[in-house]
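Report on the structure given below.
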Amino acid sequence: MTGRIGGREPTGEGAGTDAVFTSLLEDSAEELYESAPCGYLSTTMDGTIAKINATLLDWLGLERRAVVGRKRFADLLTVGGRLYHETHFAPLLRMQGELGGIALEMKTAGGRLPVLVSSAIKYGGGGEPLLIRTTVFDASDRRAYEEELLRRRQEAERARTEAEQARAEAEQAQAEAERARKQAEADRARLADTLAVLQQSLLPDTLPAVPGLEAAAHYHTASPDRLGGDFYDLFPVGENLWAFFLGDVCGKGPEAASLTSLTRYTLRAAAHHDPDPVTALTTLNDALHERYTASGDPRYCTCVFGVLESGHDDGHVTVRLASGGHPPALVLRADGHADLLPTPGGMLIGVFPTAPIGTAQTILAAGDTMLLYTDGLTEARTGPTRDALYGDDALYAFADEHAPATPQQTITALTELLDGFGDGLDDDTALLALGVPADPSRTRPTTDHPR
Amino acid sequence: MRPLDITRRDTATGPVLHVVGDLDYTHAPGFRHHVRQLTLTAGQCLVLDLSGLEFCDSSGITALLAARQHAQAADAAIILAAVPSNLMRTLTLVGLDQVFTIAPSADEL
Chain A
1 MTGRIGGREP
11 TGEGAGTDAV
21 FTSLLEDSAE
31 ELYESAPCGY
41 LSTTMDGTIA
51 KINATLLDWL
61 GLERRAVVGR
71 KRFADLLTVG
81 GRLYHETHFA
91 PLLRMQGELG
101 GIALEMKTAG
111 GRLPVLVSSA
121 IKYGGGGEPL
131 LIRTTVFDAS
141 DRRAYEEELL
151 RRRQEAERAR
161 TEAEQARAEA
171 EQAQAEAERA
181 RKQAEADRAR
191 LADTLAVLQQ
201 SLLPDTLPAV
211 PGLEAAAHYH
221 TASPDRLGGD
231 FYDLFPVGEN
241 LWAFFLGDVC
251 GKGPEAASLT
261 SLTRYTLRAA
271 AHHDPDPVTA
281 LTTLNDALHE
291 RYTASGDPRY
301 CTCVFGVLES
311 GHDDGHVTVR
321 LASGGHPPAL
331 VLRADGHADL
341 LPTPGGMLIG
351 VFPTAPIGTA
361 QTILAAGDTM
371 LLYTDGLTEA
381 RTGPTRDALY
391 GDDALYAFAD
401 EHAPATPQQT
411 ITALTELLDG
421 FGDGLDDDTA
431 LLALGVPADP
441 SRTRPTTDHP
451 R
Chain B
1001 MRPLDITRRD
1011 TATGPVLHVV
1021 GDLDYTHAPG
1031 FRHHVRQLTL
1041 TAGQCLVLDL
1051 SGLEFCDSSG
1061 ITALLAARQH
1071 AQAADAAIIL
1081 AAVPSNLMRT
1091 LTLVGLDQVF
1101 TIAPSADEL
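From first to last, the protein sequence lines are chains A and B. Per the numbering used here, the first sequence starts with residue 1, numbered consecutively. Per the numbering used here, the second sequence starts with residue 1001, numbered consecutively.
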């Protein structure tokens, strides 16, 4: 190196700087060669080391005399480095005359030293190659830096992979949640379908057309997901002979529904066998008692069962009723007043081995309508604090006020009454109205099941 | 909906259960469980003091019938005491006033 460092002018005030500068100038080329911060070596064209500086010998932990004239450059390299030197480095060098910045590894006493190697061929006056000059830079810092970079890149790659994996897992979890949600929705829909089918098995879809009679019904479900505990039916049991029933089973939910189902089909079967109302209810009592109470699980229903006999010349219909613990039927007469049809002495059905059954009879003439109901109607909680019950007397007064009314008019008026109870109506309520039309052409039955 | 509270006291003739609250679909199972735990011996009388009963639906009536069955199984009697008027009306309608022994008050028992 010649010239000034950093462009600084030697000045009088910088006497110390001048001294350093002078000592640098006096630094011999030999000293520079031996103690340079990089390795130098020169080899013959066959690679035999002719000259090597102290820096490189120090790095490699070798004695000069063990190296010069005894080893070739390739001997200083690791096995991998030697291979690379032989197959790439040396051929390229011979071809190009110089080669720079090649990463190789050299053997040291303690292991291996990553280095960057540059070589140049010195040519004679006739252009013949004479020797190879090589500089060796310690690349361990750079290697460490590269390794660090690589490690960082691998870490970043790993983090990216993990993030992708986490994202994939999250997506999978979301997909599973979505699948579960769809499954739950499907299950709920299936359950709703099942409940609807079961509910339909407990109540007639439509009331049958009965010649000379009008019929209307209404079912109020207190809770849409709870199967009802009330029931009614109307069906033929012979020529001009129709049976009907309406009742209320104890409890709520699936257990009440199974009791309702047993009740409905027992009564239907019993009525076909013998339409006598007392016989039908007695058969029902036997069936329920045997099925539930006898095994320590008392359950009951209250029920009105009746038979309508039509075909009389003047169009009137005779009604024979039997009741087991059920509220009395009402009749809205054509002349504008209401009658109660009490069935005293009856008892709820299913709890006792023999149950007393109460009976009543009446005649429905043109314009008369008989109303059967469950106690959801009379037990509805009324008043501002919902602590009073609607009650039997109020219902009787309501019927008396509305008479005369067709079955459909009666059901419509009562449906409005029920709607007016709002949340005071906390039980299922069934209504069934049967009447003889004042005008004989009106015999179309109507059914109303809001669900 | 009010919770159902059942307290028991024992007398010379048998246990008295004081039932306070709603005996309905929700609380009837608890009442039935309570009664099932009662050990009754022949000739005893189980008294249900219903003076604090605020509401009783068909599930409640079923629970009363189950209590009656439990007493009968032990040859014990059962008395309903201080029956509220609404429940009395229902019991009469379904004919159970002919089945249960009904007393105006538990105090005289």
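Just so it is clear, CB atoms sit at the ideal spot from N, CA and C, and this is done for glycine as well. Values in this document were obtained by computation on a predicted structure and should not be read as measured data.
Item                                                                                                                                                                 : Value
Which residues in chain B sit within 8 Å of A/Tyr-232, going by Cβ to Cβ distance?                                                                                   : Those within 8 Å of A/Tyr-232 in chain B number zero; the least Cβ separation is about 17 Å.
Quick one, which of B/Tyr-1025, B/Ala-1066, B/Arg-1089, B/Asp-1049 has its alpha-carbon nearest A/Asp-426's?                                                         : B/Tyr-1025
Look up A/His-218 in the DSSP assignment and say whether it is helix, strand or coil.                                                                                : strand
Am I right that A/Pro-344 and A/Gly-358 are in contact with their C-beta atoms under 8 Å? What's the rounded C-beta distance?                                        : 5 Å
Is A/Gly-6 buried or exposed, if buried means 16 or more other CB atoms sit within 10 Å of its CB?                                                                   : A caution first: A/Gly-6 carries a pLDDT of 47, below 50, which makes its placement in the model unreliable, though a value can still be read off. It is exposed - the Cβ of A/Gly-6 has fewer than 16 other Cβ atoms within 10 Å.
Closest to B/Val-1035 by C-alpha separation, out of B/Phe-1055, B/Ile-1078, B/Thr-1013, B/Asp-1057, would be which residue?                                          : B/Ile-1078
Return no unless some Cβ of chain A is closer than 9 Å to the Cβ of B/Gln-1072.                                                                                      : no
For the candidate residues A/Ser-310, A/Glu-379, A/Gly-346, whose alpha-carbon lies nearest to that of A/Ile-363?                                                    : A/Ser-310
A/Leu-372 and A/Leu-432 look like a contact to me (Cβ under 8 Å); what is the Cβ gap, rounded to whole Å?                                                            : 5 Å
Straight-line CA distance for A/Leu-57 to A/Arg-152?                                                                                                                 : 34 Å
Determine the closest residue to A/Thr-415 out of A/Gln-154, A/Gly-111, A/Arg-94, A/Tyr-219, with distance taken between C-alpha atoms.                              : A/Tyr-219
Alpha carbons only, please: which of A/Leu-341, A/Asp-335, A/Asp-313 is nearest the one belonging to A/Leu-321?                                                      : A/Leu-341
What residue range is occupied by the uninterrupted beta strand (DSSP E) comprising A/Arg-386?                                                                       : Looking at the DSSP string, A/Arg-386 is not in any beta strand (DSSP E), and its letter there is neither H nor E.
Would the beta-carbon of A/Ser-323 fall within 9 Å of that of A/Thr-354?                                                                                             : no
Between A/Gly-404 and A/Leu-332, which are expected to be in contact by the criterion C-beta below 8 Å, what is the C-beta distance as a whole number of angstroms?  : Going by the sequence as given, residue 404 of chain A is Pro instead of Gly. Right, their Cβ atoms sit about 6 Å apart.
Check whether chain B comes within 9 Å of A/Gly-247, counting only Cβ atoms and requiring the distance to be less than that.                                         : no
For the 8 Å Cβ check, are there 3 or more pairs between the stretch 1052-1060 of chain B and the stretch 1077-1093 of chain B?                                       : yes
Using 9 Å as the limit for Cβ to Cβ distance, is B/Asp-1057 near chain A?                                                                                            : yes
Sorted by chain position, which residues of the same chain lie with C-beta nearer than 7 Å to A/Asp-281's C-beta, five sequence neighbours on each side aside?       : The sequence as given places Leu at residue 281 of chain A; Asp does not occur at that position. Cβ neighbours of A/Leu-281 beyond the five flanking positions: Cys-303, Phe-305, Ala-322, Gly-324, Ile-349, Ile-357.
Please list, in chain order, the chain B residues whose beta carbon lies closer than 7 Å to that of A/Leu-389.                                                       : Asn-1086
Does the beta-carbon distance from A/Gly-63 to A/Ala-74 come in below 9 Å?                                                                                           : For clarity, residue 63 of chain A is Glu in the given sequence; the question names Gly instead. Taking 9 Å as the Cβ cut-off, A/Glu-63 and A/Ala-74 do not qualify as a contacting pair.
Flag this pair as touching only if the stretch 26-37 of chain A and the stretch 105-113 of chain A have three or more C-beta atom pairs under 8 Å; answer yes or no. : no
In chain A, what lies closer than 7 Å to B/Gln-1037 by C-beta?                                                                                                       : Correct list: empty, because the minimum Cβ distance to chain A is about 15 Å.
Report back the beta-carbon spacing between A/Thr-44 and A/Leu-131 to the nearest angstrom; my notes put them in contact at under 8 Å.                               : 6 Å
Just checking: is the beta-carbon of B/Ile-1061 within a distance shorter than 9 Å of some beta-carbon in chain A?                                                   : yes
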